[in-house]
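Numbering-wise (our numbering), the sequence shown opens with residue 372 and increments by one. Glycine included, every Cβ here is placed at the ideal spot set by N, Cα and C.
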Amino acid sequence: MKAWVLVDNIPQPNLPGEWGLSIYIEYNGTNVLLDTGASRLFLKNAQKLGKSIEAVDYGVLSHAHYDHADGMRAFFQENLRAPFYLQQGSGENCYKKKWLLRKYIGLPRGILKEYEERMVFTRGNHTLCPGVHLLSHSTQGLERIGQKNHMYIRTKNGWAPDNFSHEQSLVFETEKGLVIFNSCSHGGADNIIREVKEAWPRESIRALIGGFHIYSWTKEEVRGLARRILETGIQEIYTGHCTGSRSFEILQEELEGRAHQLKTGLEMEL
372 MKAWVLVDNI PQPNLPGEWG LSIYIEYNGT NVLLDTGASR LFLKNAQKLG KSIEAVDYGV
432 LSHAHYDHAD GMRAFFQENL RAPFYLQQGS GENCYKKKWL LRKYIGLPRG ILKEYEERMV
492 FTRGNHTLCP GVHLLSHSTQ GLERIGQKNH MYIRTKNGWA PDNFSHEQSL VFETEKGLVI
552 FNSCSHGGAD NIIREVKEAW PRESIRALIG GFHIYSWTKE EVRGLARRIL ETGIQEIYTG
612 HCTGSRSFEI LQEELEGRAH QLKTGLEMEL
């Protein structure tokens, strides 16, 4: 399988970046688009990289935040046939809290109704096609992570810390082990690897690809995460977007050559 980063924070010559993530994946004749970034930029970069959005067979949203979903309308306008997969917990209800203010950081307003016929909501372990799966979180207590990151969900009963029930992992079976994509890994990169290991106990884990949302962590916190990732036995990680440059440098140091930097235009063969 091969994957191309259409959008990441780090630009390349002739390939602009933005705060967001979008990845184009080719697997056994099937094309999957993971996330649409924060604008139409993923379309422009896909064209420059020779990747056809019209040829995408499955669209997948990693989680219901604007920097991964604001290009959804552009995707639906360009691709008129592919179903688009979200977790059952996805809604237009994600907010970031700062002091007494709450800023909306969720899906494009009205998108779920506007393209209702294209949306597929899943939960648990769902197979997209042979060898390709979506996996929801099974780790308990993730609302503590939401509260720490000042992320909240607006519910009928008021505000609740985000437990990331709208986040999912995209998992591919390969000859060298499972490859996991989770664009922000809000539930914890180490937790995500463990969830996948529990779902496929006989399989090894080849790689985890995505942001880790640790740009504001202390050095000690990042080193602790690196140790927990090492303990999983994973072969490689590719990380960027919300990981942060300082945190990536620490991961690179601690993970003994297993950490690689995501950037716009990066091609990965896995």
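Check your understanding: Between the segment 398 to 405 and the segment 427 to 436, do at least 3 Cβ pairs fall closer than 8 Å?
Key -> yes
Point to revise | C465, DSSP secondary structure in three states | key: Taking the first residue of the sequence shown as 1, we reach residue 465 at position 94. C465 falls in the strand class under three-state DSSP.
Practice item. Have a look at P572, Q606, K415 and E591 and flag the residue whose alpha-carbon is nearest the alpha-carbon of I580. Key: If you number the sequence shown from 1, residue 580 lands on position 209. The option with the nearest alpha carbon to I580 is Q606.
Check your understanding: Whose CA, out of G615, S509 and W530, lies closest to the CA of V567?
Key -> In the sequence shown, counting from the first residue as 1, residue 567 sits at position 196. The shortest Cα separation from V567 among G615, S509 and W530 belongs to S509.
**Study point:** Within 8 Å, strictly: CB atoms of S461 and F492
**Key:** Taking the sequence shown and counting its residues from 1, the one referred to as residue 461 is at position 90. Taking the sequence shown and counting its residues from 1, the one referred to as residue 492 is at position 121. A contact, by the Cβ cut-off of 8 Å.
Exercise for review: Would you check if the distance between the CB atom of L478 and the CB atom of A435 is smaller than 8 Å?
Suggested key: Here residue 478 corresponds to residue number 107 of the sequence shown, with the count starting at 1. Here residue 435 corresponds to residue number 64 of the sequence shown, with the count starting at 1. Closer than 8 Å, so yes.
Check your understanding: Can you list, in chain order, the stretches of the beta strand (DSSP E) that have 3 or more residues and sit fully within the segment 400 to 478?
Key -> With a minimum length of 3 residues, the continuous beta strand (DSSP E) runs that stay inside the segment 400 to 478 are 401 to 405, 429 to 431, 455 to 458, 465 to 469 and 472 to 475.
**Study point:** Strand pairing of I394, partner residues [DSSP]
**Key:** The residue you call residue 394 lines up with position 23 of the sequence shown. V376 and L405, per the DSSP bridge assignment.
Review point. Are the CB atoms of D561 and L513 nearer to each other than 8 Å?
Key: In the sequence shown, the residue the question calls residue 561 occupies position 190. In the sequence shown, the residue the question calls residue 513 occupies position 142. Cβ distance not < 8 Å, so D561 and L513 don't count as in contact.
Point to revise | Inter-stretch contact at 8 Å, needing at least 3 Cβ pairs: the segment 546 to 565 / the segment 576 to 593 | key: yes
Practice item. Alpha carbon to alpha carbon, how far is L451 from T589? Give it in angstroms, no decimals. Key: The residue labelled residue 589 in the question sits at position 218 within the sequence shown. The residue labelled residue 451 in the question sits at position 80 within the sequence shown. The alpha-carbon atoms of T589 and L451 are separated by roughly 44 Å.
Check your understanding: With respect to the beta strand (DSSP E) encompassing N496, which residues constitute its N-terminal and C-terminal limits?
Key -> Working through the sequence shown from its first residue, we reach residue 496 at position 125. Looking at the DSSP string, the run of the beta strand (DSSP E) that includes N496 is N496 to C500.
Check your understanding: Which residues does DSSP pair with L549 in a beta bridge?
Key -> Counted from its first residue, the sequence shown places residue 549 at position 178. Paired residues: E544 and I576.
Practice item. Return the residue from the list A630, L471, Y395 and C465 that minimises the CA-CA distance to K419. Key: In the sequence shown, residue 419 corresponds to position 48, counting from 1. The candidate whose alpha carbon is nearest that of K419 is Y395.
**Study point:** Inter-residue Cα distance where the pair is E425 and L626
**Key:** To locate residue 425, count along the sequence shown from 1; it is residue 54. To locate residue 626, count along the sequence shown from 1; it is residue 255. Roughly 38 Å separates the two Cα atoms.
Review point. Would you call the segment 378 to 385 and the segment 630 to 639 in contact, with 3 or more CB pairs under 8 Å?
Key: yes
**Study point:** Beta-bridge pairing of Q383 - partner residues as DSSP gives them
**Key:** As a first step, residue 383 must be located in the sequence shown, where it is residue number 12. L386.
Practice item. Along the alpha helix (DSSP H) that carries E514, what are the first and last residues, could you check? Key: What you label residue 514 is simply residue 143 of the sequence shown in a count that begins at 1. That run of the alpha helix (DSSP H) goes E514 to K519.
Practice item. Quick one: residues in its chain with C-beta nearer than 8 Å to the C-beta of S536, no 5 flanking neighbours on either side, listed in chain order? Key: Along the sequence shown, one-based indexing puts residue 536 at 165. Within the same chain, S536 has close Cβ partners Q458, Q459, G460, S507 and H508.
Point to revise | N- and C-terminal bounds of the beta strand (DSSP E) containing F583 | key: The residue given as residue 583 occupies position 212 in the sequence shown. Per DSSP, F583 belongs to no beta strand (DSSP E) and is neither H nor E.
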